[in-house]
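Residue numbers are given in this note's numbering: position 27 of the sequence shown equals residue 31, and the series is strictly consecutive. From the three backbone atoms N, C-alpha and C, an ideal C-beta is built for every residue, glycine too. Here the structure is a predicted model, which is why all the values come from computation and not from measurement. See below for the structure under consideration.
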Amino acid sequence: MPHSDPCGCARFPSSEQAYEVSEARLIKVTHQLALQGWIVAVRCKEGGMCLAHMTQQINIDAVVLGMESDFVLVECFDSDD
């Protein structure tokens with residue numbers, strides 16, 4: 005689990021190591037989650053992120069649908085055709 009500071013925010017360097025993702029990918033995902041209001045991105049030397057809502061208020065279905073723009077598994081399932 006990534007280290008956090010006293011306010012409870014996860015820091016980018018430890019999150020990268022804990023989840024084995026690149027800094028670029030972590031920033032891209034964090035940016036999208038922040039734009040949608042799921043997290044608050046903390047700008048500082050080390051950077052970090054905090055949940056914007058209580059965990060009970062977060063619907064994983066809404067998060068995934070907001071992050072993925074296209075769930076078409078096969079072209080023939082696309083309703084636009």
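- In the DSSP assignment, Gly70 falls within the alpha helix (DSSP H) that extends over Ile64 to Met71.
- Short of 8 Å from the beta carbon of Trp42, and not among the five residues preceding or following it, lie these beta carbons of its own chain, in chain order: Leu55, Ala56, His57, Ile62, Val67 and Gly70.
- Here DSSP, grouped into helix, strand and coil, assigns Ala45 to strand.
- In the displayed model, Cys80 falls within a helix according to three-state DSSP.
- It is roughly 27 Å from the alpha-carbon of Met53 to the alpha-carbon of Phe75.
- With a 10 Å radius around the Cβ and a threshold of 16 neighbouring Cβ atoms, Ala14 comes out buried.
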